[in-house]
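Quick notes on the structure that follows.
Numbering (full-length UniProt numbering), first residue to last: 1 to 270.
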């Protein structure tokens, strides 16, 4: 047989073959593998290959080190914004997170079912995909240019055993999100790519009020889903997060976690 399936590997393109438990599987949907996403548990991502005699290892992959977590956030980098809207210059301090085994805990069935729903949104392919950021912004990333002279991009990263959406500043190659009242800055993260004709921003003050399928931004440590938000701050859009049923949205700025009561949430078009 050929290459064995492993966790934390970016598998692609479709058709790539791996071996798992003595069976050859064929890749349906490119993705970064995780513990708990074995081929036997993920029919939306893998199917048993018709030819069980050979497997291919021609795909390119890399180990994912985006899982990072530590209670201590060390401040090393400053990130300054200036604007015509009289934003004060502010600093984004890097929070270094050491990887831990807790970040590779098996996802609950409900959490993974949400991932399958995304993959199976339409036969033509998923409406959106999270992919590891490699230093360049994909053409189909969800991004907005602003009056600060910057372009912010929707991203997400691992914080305290959860996955939290926020905004990427490509000029700094950093992701800015928030947790526990503080801004969190990450070096390793994922970027959201999507078909612009299949997603839309909907203004709301509670995620439960939106009847359309919401773009899954990740989850809290207890697997409460998080969703992607767009928040206006004095005319400048920032990307942040909200939770299922919450009437507030959150974003990181000036070393703090800020919350608002009115925002836009990213949803899949019907």
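Using N, Cα and C, we set each Cβ at its ideal position, and we do this for glycine too.
Span of the beta strand (DSSP E), counted from its first residue to its last, around residue i
i	result
residue 40	That residue, residue 40, is in no beta strand (DSSP E); it is neither H nor E in DSSP.
residue 239	236-243
residue 174	174-179
residue 251	249-253
residue 145	143-145
residue 129	128-132
residue 275	As shown, the chain starts at 1 and ends at 270. That puts residue 275 outside it, with no answer to give.
residue 50	It is not in any beta strand (DSSP E) - residue 50 carries neither H nor E in the DSSP assignment.
Coarse secondary structure for residue i, derived from DSSP in three states
i	result
residue 158	strand
residue 33	coil
residue 222	coil
residue 209	helix
residue 10	strand
residue 189	coil
residue 74	With a pLDDT of only 35 at residue 74, under 50, the local geometry of the prediction cannot be trusted, and the value read off the model is given with reservation. The answer is coil: DSSP assigns residue 74 none of H, G, I, E or B.
residue 198	coil
residue 266	strand
residue 15	coil
residue 20	strand
residue 217	strand
residue 230	strand
residue 3	coil
residue 153	strand
residue 137	coil
residue 167	strand
residue 148	coil
Burial state of residue i, where buried means 16 or more other Cβ atoms lie within 10 Å
i	result
residue 16	buried
residue 33	buried
residue 41	exposed
residue 178	buried
residue 134	exposed
residue 51	exposed
residue 6	exposed
residue 270	exposed
residue 211	exposed
residue 11	buried
residue 4	exposed
residue 13	exposed
residue 171	exposed
residue 232	exposed
Test: residue i CB closer than 7 Å to a CB of chain D
i	result
residue 139	Looking at the structure shown, chain D is missing, and only one protein chain is on hand.
Heavy atom of the ligand ATP within 6 Å of residue i beta-carbon
i	result
residue 225	As for the ligand ATP, it is missing from this structure, which has no ligand bound.
(message) With a threshold of 8 Å, are at least 3 pairs of Cβ atoms found where one atom belongs to the stretch 21-31 and the other to the stretch 40-48?
(response) The stretch 21-31 and the stretch 40-48 touch, with no fewer than 3 CB-CB distances between them shorter than 8 Å.
(request) Tell me, please, whether the stretch 192-210 touches the stretch 174-184 by the rule of three or more beta-carbon pairs shorter than 8 Å. (result) no
(message) Between the stretch 205-212 and the stretch 143-150, can you find at least three pairs of beta-carbon atoms closer than 8 Å?
(response) no
(request) Tell me, please, whether the stretch 218-231 touches the stretch 158-173 by the rule of three or more beta-carbon pairs shorter than 8 Å. (result) Judged by Cβ distances under 8 Å, the stretch 218-231 makes contact with the stretch 158-173, as three or more pairs qualify.
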